[in-house]
Amino acid sequence: MRLLVLFLLCLITVTGAMQSRCRQPVDEGRACEKRKGGIRWAYFKPRDICTRMFYRGCDGNKNRFNNEKQCIKACRTT
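Note that the sequence shown covers residues -17 to -1, 1 to 61 in mature numbering (1 follows the signal peptide of the UniProt record, and there is no 0).
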């Protein structure tokens, strides 16, 4: 029984973390010398869509995915 409760708590925590990632605004970050930017995908909550963006390479937030499929799987409500 304790194991089941622990499992459910972990599941709730992970699910909440993913959903909060999807609630963040689209943020292209900033240009920097450390990393090269490129095309990424972000979830745009008001329209419930994943949108392509140019990530500049540094900073930004967690609402950033390598491809559209990852974004849809993590964030789409339908």
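The beta-carbon is built from N, C-alpha and C at its ideal position, and this holds for glycine as well.
Which of the three DSSP states, helix, strand or coil, is assigned to residue i?
| i | result |
| --- | --- |
| CYS15 | coil |
| ARG6 | helix |
| ARG23 | strand |
| ARG30 | helix |
| ARG47 | coil |
Tell me which same chain residues have a C-beta within less than 7 Å of the C-beta of residue i, skipping the five on either side of it?
| i | result |
| --- | --- |
| ARG23 | MET36, TYR38, ARG47, PHE48, ASN49 |
Between residue i and the rest of its own chain, which residues show a CB-CB distance below 6 Å, the 5 nearest in sequence each way excluded?
| i | result |
| --- | --- |
| MET(-17) | none |
| CYS33 | TRP24, TYR26, GLU51, CYS54, ILE55 |
Using only CA atoms, which one of the options lies nearest to residue i?
| i | options | result |
| --- | --- | --- |
| GLU11 | PRO29, CYS58, GLY43, LYS19 | GLY43 |
To which residues of the same chain is residue i closer than 8 Å at the C-beta, ignoring the five residues directly before and after it?
| i | result |
| --- | --- |
| LYS17 | GLY40, CYS41 |
Can you tell me where the alpha helix (DSSP H) holding residue i begins and where it ends?
| i | result |
| --- | --- |
| LYS56 | 51 to 58 |
Please tell me whether residue i has its Cβ less than 8 Å away from any Cβ of chain D.
| i | result |
| --- | --- |
| VAL9 | This model lacks chain D altogether; it includes just one protein chain. |
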